[in-house]
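The structure under discussion appears below in the form of structure tokens.
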Amino acid sequence: MSQIVLSLGFGLVTASILALGAVGFTLQFGVTNLFNLAFGETMTVSAFVAYLAMVSLHWNLWWAMAAGGAAGMVLSLLISRLVYLPFLRRGTSQFAMVMVTVAVSFILKNVLQIFSGATYYSYQLPPERPIRILGMVFDARQLTIIGLAAASLLGLHLLFKYTRLGKAMRATSDNGPLARSVGIPTDRVVSAAWLLSGLFAGIAGVALAVDLGTFGSTTGGSYLLPIVAAAVFGSVGEPYGAVLGALVIGLASEVAANYDPQLKDVVAFAILVLVLLLRPDGLRAGRVQMRAEVTA
Amino acid sequence: MTLMRKRWLAACALTAAASITAAGCSSSSSGGSAGATGSSGGTAQASGAGGTYPLTAGVLHAFTGQNAFFGLNAQNSCKAAAVQINAAGGIMGHPLNCSDYDTKGDPADAVPVTQRMLVSASHLVMVVGPDGSDIPSVLPVLEQAKVPELNTVGDPRYDTQTSPDFWRLTPSDSTQAPALAYYTRNQGYTKIAEVFTSDLSAQTTTTPFQNTFSKLGGTIVKALTVTPDTTSYQTEVAAVLAAHPQAIVGEMDAQTAATFLSEMRQQHGGLIPVIMTQRAIQGDWEPAVGPAIGVPTMARYVTAIAPALQASGTAFTAFSTALTSIKANQFQAKNPFVAATYDGIVTVALAMDMAKCTDPGTFVADIPKVTAPASGATVVATYAQGVAALKAGKTIDYVGAAGAMVFNQYGTANRPYAPWTYSAAAHNWLMGTLLPVNAGL
Chain A
35 MSQIVLSLGF GLVTASILAL GAVGFTLQFG VTNLFNLAFG ETMTVSAFVA YLAMVSLHWN
95 LWWAMAAGGA AGMVLSLLIS RLVYLPFLRR GTSQFAMVMV TVAVSFILKN VLQIFSGATY
155 YSYQLPPERP IRILGMVFDA RQLTIIGLAA ASLLGLHLLF KYTRLGKAMR ATSDNGPLAR
215 SVGIPTDRVV SAAWLLSGLF AGIAGVALAV DLGTFGSTTG GSYLLPIVAA AVFGSVGEPY
275 GAVLGALVIG LASEVAANYD PQLKDVVAFA ILVLVLLLRP DGLRAGRVQM RAEVTA
Chain B
-8 MTLMRKRWLA ACALTAAASI TAAGCSSSSS GGSAGATGSS GGTAQASGAG GTYPLTAGVL
52 HAFTGQNAFF GLNAQNSCKA AAVQINAAGG IMGHPLNCSD YDTKGDPADA VPVTQRMLVS
112 ASHLVMVVGP DGSDIPSVLP VLEQAKVPEL NTVGDPRYDT QTSPDFWRLT PSDSTQAPAL
172 AYYTRNQGYT KIAEVFTSDL SAQTTTTPFQ NTFSKLGGTI VKALTVTPDT TSYQTEVAAV
232 LAAHPQAIVG EMDAQTAATF LSEMRQQHGG LIPVIMTQRA IQGDWEPAVG PAIGVPTMAR
292 YVTAIAPALQ ASGTAFTAFS TALTSIKANQ FQAKNPFVAA TYDGIVTVAL AMDMAKCTDP
352 GTFVADIPKV TAPASGATVV ATYAQGVAAL KAGKTIDYVG AAGAMVFNQY GTANRPYAPW
412 TYSAAAHNWL MGTLLPVNAG L
């Protein structure tokens, strides 16, 4: 029993990182309707920017994470403006757009490899004293990551509920042409969605690199699958669903590891398949707030 | 790739293979110009290149992706060998070039790139690679082409293979496992946790290790097979610690080991002794694991059981000098896999000199002869020494940078193993005392 409780704690850390990534992924999809498979590389670039901030500028981890988040925002916006938007304006089909995102992913991954080499990097963080809470074991950094994820998601909730930008995002997501016709500057709203998505990708990338202890040019891309799975689990385009998906995948995989580590992915993805069988549009289908038409 | 293109490449590969097979060598030819495949699938004479056309060693490895370090290691081995061979006047006057072919570490990419290499490489005389994940899919294609293939895979399935073109330069995992068990037991550890990743190259060690360790009186208190590169191993680490092992024995890739061991350090407040297979001394391991757990911690707790390396003498100096001349990281000079691959390439070059022929179908039979310790054989340490001895009509025994490389009937060069520990001061792995063959059993 104590091992299961321990696993739940470990699962919370994994779920927090997945939630940051999945929310960023689904938020951008909700507003732009674009399934962006280059999301993982945005995470990796952010992890590298944070590394440079720590090594070259001697910033502490949290300032470096802020730098990573900022880098994610800039990269995300640049890719959307310089690559995706021209294709969307030409009416490129959704399937072709997915291939464009795959191409961007490959380009970023290989450029990263050219600069970083076939090696790994680490923030070289010193070990911290274990903190026991209700039978679970964390360290201060993991608790900070959990707190950061919770704060980010709360901030997103407040943004949607109480700000004009959040409401404009929801409106654009729900019906882009209608939102435009009532005077919502959908172009700027879409840009804001890319920026926010990039911020989440950046923070998730740095948090992932902290949790793994080491990272390389392929790290972000390697973890895209569980992030997408969490987003799909909770209905793509639905941030609250993505959080739920991240929790289920994070907790289920860690608990399953108690029985056999190789069951980790099996159990997590079996649950995903089961949910999709019962609810083909994801767990929160019908409650989607961020589904959208493309545009800009 | 379209079906038509695949068929076209396959047809070209078969044509190239047929041309190699058909080509013969004049044993008296000093030019030794026949046989190697030309870019158009023809022979040296057919290409009209006279006596000094370059020969190609195809380096078929992952150069991108997570296993890219395999390609970089093999590339450096090949370049260093080519430097030494070309400085001695080439192989019967033919310079040796190294050409890279990127399998991306993915069998699906490896086969088409192999076919492309076979049809496009000019005068291909040997293939260096591929690594363990690609070899099952690539080997049939290479066997059909009848080009000698030099690899360092550990998979015991190849322990009794019979292809005349398969040359394994480092020992099988079936001999690594007893060395791992022997060292672990000899350190006084009777209760250990076994942690291997689920990939094929790691799994081939588990059963022979378990068998030998139990024969030596050891107990495995926890055996885990972990999936590589997941976001966390916290639960697995907790399970290992709950079993209270004296040490951890296993094989993990760089990223997995970095995450697993740093999480162990976090949960346990430090590490327990960790004994890894040869995977730990591959080039990507220390840069990943060292910073993640701290280099002093790695130096103190981690030991790798890997093939022994000569690390001194004329052969090693020549190898090290060649690595310097190609501006390779000197870290690689102490990597037994890099040294063994370098030795393998020099061996194949000497086999061509012995056969006086660059036709793979002819010189392949001479590959084991140039490293066989026969009575009266002249021991040579460099390519130049080997050529000089052969020209003097002597039988040679090439003992290279990695030490003696004696091939058995199945094309495997078994070597002794040794424990390697990381030295923070030397920034490199340092070899300990040789371990007994088959754990002394």
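Going line by line, the protein sequences match chains A and B.
If you want my numbering, it's the 1-based position in the first sequence plus 34.
Numbering-wise, my numbering puts 58 at position 67 of the second sequence, and it's gapless, one number per residue.
Glycine residues also receive a C-beta, built at the ideal position from the N, C-alpha and C atoms.
Chain order gives the chain A residues near B/V217 as P295, Q296, where near means a beta carbon separation below 8 Å.
In the three-state DSSP reduction, B/M117 falls in the strand class (E or B).
Put simply, the stretch 307 to 324 of chain B touches the stretch 376 to 395 of chain B. At least three CB pairs are less than 8 Å apart. Proximity of A/E288 to chain B, defined by a Cβ-Cβ separation below 8 Å, is satisfied. In the three-state reduction of the DSSP assignment, B/S165 falls in the helix class, which pools H, G and I.
In terms of Cβ geometry, B/I266 and B/T294 form a close pair [threshold 8 Å].
For B/E254, the enclosing alpha helix (DSSP H) stretches over residues 245 to 259. Setting aside the 5 residues that flank it on each side, B/D93 is surrounded in the same chain by H52, A53, F54, T55, G62, D100, V104, each with a C-beta closer than 8 Å to its C-beta; the list follows chain order. Take the alpha-carbon of B/Y408 and the one of B/S90: they are about 31 Å apart. For B/L314, the CB contacts under 7 Å within the same chain, skipping 5 residues up- and downstream, are N67, A71, Q321, Q323, A324 in chain order. Non-local beta-carbon contacts of A/G74 in its own chain, meaning distances under 6 Å to residues more than five positions away in sequence, involve G254, G255, L258 in chain order. Looking at the DSSP output, B/V370 bridges to B/D388. Contact between A/V301 and A/S287 holds, with the beta-carbon distance rounding to 6 Å and staying under 8 Å.
Counting other Cβ atoms within 10 Å of its Cβ, A/S90 stays below 16 and is therefore classed as exposed. Listed in chain order, the positions of the stretch 45 to 78 of chain B with a beta carbon within less than 7 Å of a beta carbon of chain A are T55, G56, Q57, A59, F60, L63. For the set A/T78, A/T76, A/A100, the Cα lying nearest the Cα of A/A87 is the one of A/A100. A residue is called buried when at least 16 other Cβ atoms come within 10 angstroms of its Cβ; A/G250 meets this threshold and is buried. Of all residues in the stretch 220 to 248 of chain A, only L242, D245, L246, G247, T248 come within less than 9 Å of chain B when Cβ atoms are compared, listed by chain position. Closest by C-alpha distance to B/S223, out of A/I51, A/V39, A/S36, A/Q37, is A/I51. About 5 Å separates the beta carbon of A/V171 from that of A/P164, a gap short enough to meet the 8 Å contact definition.
Counting C-beta atoms within 10 angstroms of its own C-beta, A/A243 has 16 or more neighbours from the protein chains shown and is therefore classed as buried.
Along the stretch 131 to 155 of chain A, going in chain order, the ones with a CB nearer than 8 Å to a CB of chain B are N144, Q147, A152, T153, Y154, Y155. In the three-state reduction of the DSSP assignment, B/M396 falls in the coil class, being assigned neither a helical nor a strand state. Just so you know, the alpha carbons of A/A238 and A/M77 end up roughly 7 Å apart.
A Cβ-Cβ contact shorter than 8 Å links B/S124 with B/G96. Interface with chain A (8 Å Cβ-Cβ cutoff): B/D275 is included.
Membership of B/Y408 in the beta strand (DSSP E) is indicated by the continuous run 408 to 414. For A/Q158, the closest alpha carbon among the candidates B/G179, B/T288, B/T196 is that of B/T288. The beta carbon of A/Q158 falls within 8 Å of a beta carbon belonging to chain B, placing the residue at that interface. Against chain B, the beta carbon of A/S41 has neighbours under 8 Å at Q225, T226, A229, listed in chain order. Where B/K182 is concerned, the enclosing beta strand (DSSP E) starts and stops at 182 to 188. Excluding the 5 residues flanking it on each side, B/A283 has same chain C-beta neighbours closer than 6 Å at A249, S253, in chain order. By DSSP's assignment, B/S90 forms a beta bridge with B/G49. The criterion of a C-beta distance shorter than 8 Å is satisfied by B/T181 and B/G209.
Rounded to the nearest whole angstrom, the C-alpha separation of B/L341 and B/A372 is 12 Å. Across the structure, A/A185 and A/Y274 are spaced so that their CA atoms are roughly 14 Å apart.
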